[in-house]
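Q: Numbering-wise, the sequence shown is residues 28 to 324 according to our numbering.
Where a beta carbon is used, it is the ideal one built from N, C-alpha and C, also for glycine.
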Amino acid sequence: MTIEGLLEQFYADLILVKRAAEKTASTYKISAQEFLEWLAGEHIKLRDVTAQNLVYFLMKRKVDGNTELTLAKDISALRALGSYLVRKNYWPENYALMLDRPKAGRHLPSVLSVEQTDKLLSAIDTSTPLGIRDAALFELIYSCGLRISEACSLKVANVHFDEHLILVHGKGDKERLVPFGEIAAQKLLRYMNEIRPELVKGRNISEVFVNYKGEPISRKGVWKRFQELEALSGVQSKVHTLRHSFATHLLAGGADLRSVQELLGHSDLSTTTIYTHITDTQLADAHKKYFEGNKND
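1) In the structure shown, what three-state DSSP assignment does L181 receive?
2) From what residue to what residue does the beta strand (DSSP E) around E209 run?
3) At which residues does the beta strand (DSSP E) containing L194 begin and terminate?
4) Taking only the alpha-carbon atoms, compute the straight-line gap between A67 and A211 and give it to the nearest angstrom.
5) Determine the burial state of A48: buried for a count of at least 16 other Cβ atoms within 10 Å of its Cβ, exposed for fewer.
6) Since D101 and S137 should fall inside the 8 Å C-beta cutoff, what is the C-beta to C-beta distance between them, to a whole number of angstroms?
7) So, for V90: in the same chain, excluding its five sequence neighbours on each side, which residues have a beta-carbon less than 8 Å away from its beta-carbon?
8) What's the C-alpha gap between K247 and A123?
9) Go through its chain and collect everything with a Cβ distance to Y38's Cβ below 7 Å, but skip five positions before and after it.
10) Taking buried to mean at least 16 other C-beta atoms within 10 Å of its own C-beta, is G229 buried or exposed?
11) Check this for me: beta carbons of K201 and V235, under 9 Å apart or not?
12) From the DSSP secondary-structure annotation, give me the bridge partner or partners of R203.
13) Tell me E327's beta-bridge partners as DSSP assigns them.
14) Use the C-beta contact count for A131: other C-beta atoms within 10 angstroms, 16 or more gives buried, fewer gives exposed.
15) Leaving out five residues before and five after N238 in sequence, what residues of the same chain have Cβ atoms less than 8 Å from its Cβ?
16) Could you compute how far the alpha carbon of I30 sits from the alpha carbon of F207?
17) Kindly indicate which residue of Y117, L81, G92 has the alpha-carbon position closest to the one of A104.
18) Please list, in chain order, all residues of the same chain as N116 whose beta carbon is under 7 Å from its beta carbon, the five residues on each side excluded.
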């Protein structure tokens, strides 16, 4: 059956069987079309859909800039579509029931799209020494999902270029290893080799990132530089938004929740679920069924 044919049958079922209002049925049909077209683009057959696929679809919608209200409507539509597909024997169960609609007043992190992130980072003026430092600093915060305090306290001894790993000292004195990519490696190497020696002037400073005086950069200093970057790029954001964007972009790209939890340094997996709108209890079951033993980043 074509996407168009399935959508028409789904719409008719909503009107005739479920007695849904015409406006509601139309809204659900639009959301269902987005989902079905996403499945086609990902080459996923309707009968092979899993709860994991639903999460990835919603993360893609969030990354594309859709509001929490739109996502809530998408989830309602997916639940209705799932009910229809179960009754028509396409799905053995309604996987969309595992999705939790964003609750009114619930704080959800702001997230930049990939394009906004690129625009923000590319606005850094790397013709100046501090600009080269900032390029390395904010690239590392984004590509490693670091908290500001973690970036400020990062030690030179804990940067391992051969392995592309950094040892991060996080909350509660917990340490974690986080990989960084080639772009971050290039920016960090340039800063470490060309700029940092001139700033510290031979002093034994253990922190990677230093200010113009050659002293460890402060959180306030990072915030100030980021505000200047906001003004230059025209992208309204906060430093911590880079960490939220890191997590969201990973999930949208196919990373599993357990891996993202480890990279972020969350003690509890439920903390990571704020990026997926899945309830804690449901996530535990879904994770065990779909993600256990799968740590492909």
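A: In short:
1) coil
2) No beta strand (DSSP E) holds E209; the alpha helix (DSSP H) holding it covers 209-217.
3) 192-196
4) 34 Å
5) exposed
6) Going by Cβ atoms, the distance from D101 to S137 rounds to 19 Å, so no, they are not a contact pair.
7) V138, S140, V141, T275, H276, A279
8) 43 Å
9) A52, K56
10) exposed
11) no
12) V195
13) Beyond the ends of the chain as shown, which are 28 and 324, falls residue 327; an answer cannot be given.
14) Note that A131 scores 45 on pLDDT, short of 50, meaning its location in the model is unreliable; the coordinates nonetheless yield the value given after this. A131 should be labelled exposed.
15) L226, I244, S245, G248
16) 40 Å
17) L81
18) none
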